[in-house]
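Counting in our numbering, the first sequence runs without a single skipped number right up to 1176 at its last residue.
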Amino acid sequence: MIMLVDDDFDLDRIAESGQCFRWELRGEGTYRIPLGERCLYIRALGDGRFDLDCGENDLALWREYFDLKECYSAIRARPDPRSDPFLAECAASERGIRILRQDPWEVTVSFIISQNRNIPAIRRSVELLCRAAGKSCVDGRGEAFYSFPEPEAILALSERELNECRLGYRGRYVRAAAAAAMDGTLDFPSLRTKTPEAARDALTELYGVGIKVASCIQLFGLHQLDAFPVDTWVRRILENEYPDGYPFEEYSPYNGVYQQYMFAFYRHKAL
DNA sequence: AGGCAGGCTTTTA
DNA sequence: TAAAAGCCTGCC
């Protein structure tokens, strides 16, 4: 079916943004996107038109996933080219990035896995974990894929099976997060009721989750758009471009969206 | 108390 | 060989 989108929405830029690790480019600009036990095939046709191949009644679900109720063009237009030329250029150059509404559990595990690794390595480990513990599913085109594993399925893996996902020392962090999800220490519905500060504190209580990974879970998993993950790239950006400080107050409550524009811009510049 | 150095698995360039 | 969307531990 055809979906019309009257806002910033660039599949390639989202796929490269580093917020999701299971999108798969299938040629002809078509992405296969797993979500739970479903899969979407989507392709941009131009002029805000997108070709979607998904379940009959799943369109609303995917519109939610892509956060289509939020107006990113308005967020993007906020930085003033005169007072903040750097951010204005980042936002203009990276137009089309959106913050997906992903499964918070998948986001948590994925970003625990992400520490001290580059994106290809992260994708590999996540896929291995899905194959090891996820449910075997078939998509609408008859192709097999694996769902992202539930905490219980991860806990059921032997140490050796977990090691085969190439997680290294992060394996015990992933296991601890799964245990916390099982015993209720990690509970996303209750995290959503907390203030951002309280959610951050609760997340950093998890073994292997520091401030950076907690911010990523808040931004990409809890959709707290003001969360501002500071990784090696963003740390360099703040040092190089904002030696006198970054105006967080001015860009609240969308600091996380601007972080994404800057992160993508710097990465493109470096490549 | 809070900051800092060193170590950690593995992959990528 | 260094760096990679970092965090933990031990030491001061």
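For every residue, glycine included, the Cβ atom is placed at its ideal position computed from N, Cα and C.
Open item on the list: Let me make sure I understand the geometry here. Which of P1158, T1137 and F1153 has the alpha-carbon closest to that of D1131?
Closed with: In the first sequence, counting from the first residue as 1, residue 1131 sits at position 226. Per the Cα distances, P1158.
TODO: For R927, write down the residues that DSSP places opposite it in a beta bridge.
DONE: By one-based count along the first sequence, residue 927 stands at place 22. DSSP, once it has assigned bridges, lists no residue as partnering R927.
TODO: Taking S1030 as part of the alpha helix (DSSP H), name the residues at either end of that continuous run.
DONE: For this step, residue 1030 is matched to residue 125 along the first sequence. Looking at the DSSP string, the run of the alpha helix (DSSP H) that includes S1030 is I1024 to A1038.
Open item on the list: Let me confirm a value: S978 is counted as buried when at least 16 other C-beta atoms fall within 10 Å, else exposed. Which label applies?
Closed with: Stepping through the first sequence from its first residue, residue 978 is reached at position 73. Around the CB of S978, fewer than 16 other CB atoms lie within 10 Å, so the residue is classed as exposed.
- [ ] Flag this pair as touching only if the stretch 1153 to 1169 and the stretch 991 to 1005 have three or more C-beta atom pairs under 8 Å; answer yes or no.
- [x] A contact exists between the stretch 1153 to 1169 and the stretch 991 to 1005.
TODO: Sort out for me which residues DSSP pairs R937 with in a bridge.
DONE: For this step, residue 937 is matched to residue 32 along the first sequence. Paired residues: E929 and Y946.
Task: Range covered by the beta strand (DSSP E) that runs through D958 - done: For the purposes of this step, residue 958 is taken as the residue at position 53 of the first sequence. Run containing D958: R954 to D958, per the beta strand (DSSP E) assignment.
Open item on the list: On a Cα-Cα basis, can you pick out the residue from E1057, I1059 and C1042 that is closest to Y1051?
Closed with: By one-based count along the first sequence, residue 1051 stands at place 146. Comparing C-alpha distances from Y1051 to each of E1057, I1059 and C1042 shows the shortest one belongs to C1042.
Open item on the list: Classify T1100: buried if its beta carbon has 16 or more other beta carbons within 10 angstroms, exposed otherwise.
Closed with: The count along the first sequence starts at 1 and reaches residue 1100 at position 195. T1100 comes out exposed.
Task: Assigned exposure category for V1118 - 16 Cβ within 10 Å defines buried - done: The residue you call residue 1118 lines up with position 213 of the first sequence. In the assembly as shown, V1118 is a buried residue. Its beta-carbon has 16 or more other beta-carbons within 10 Å.
Open item on the list: Is it buried or exposed, A1175, if we count other Cβ atoms within 10 angstroms and call 16 or more buried?
Closed with: Translated into positions along the first sequence, residue 1175 becomes position 270. For A1175, the number of other beta carbons within 10 angstroms of its own is below 16, and it is reported as exposed.
Open item on the list: Measuring straight from C-alpha to C-alpha, what distance separates L1096 and A1083?
Closed with: The count along the first sequence starts at 1 and reaches residue 1096 at position 191. The count along the first sequence starts at 1 and reaches residue 1083 at position 178. Cα-Cα distance, rounded: 16 Å.
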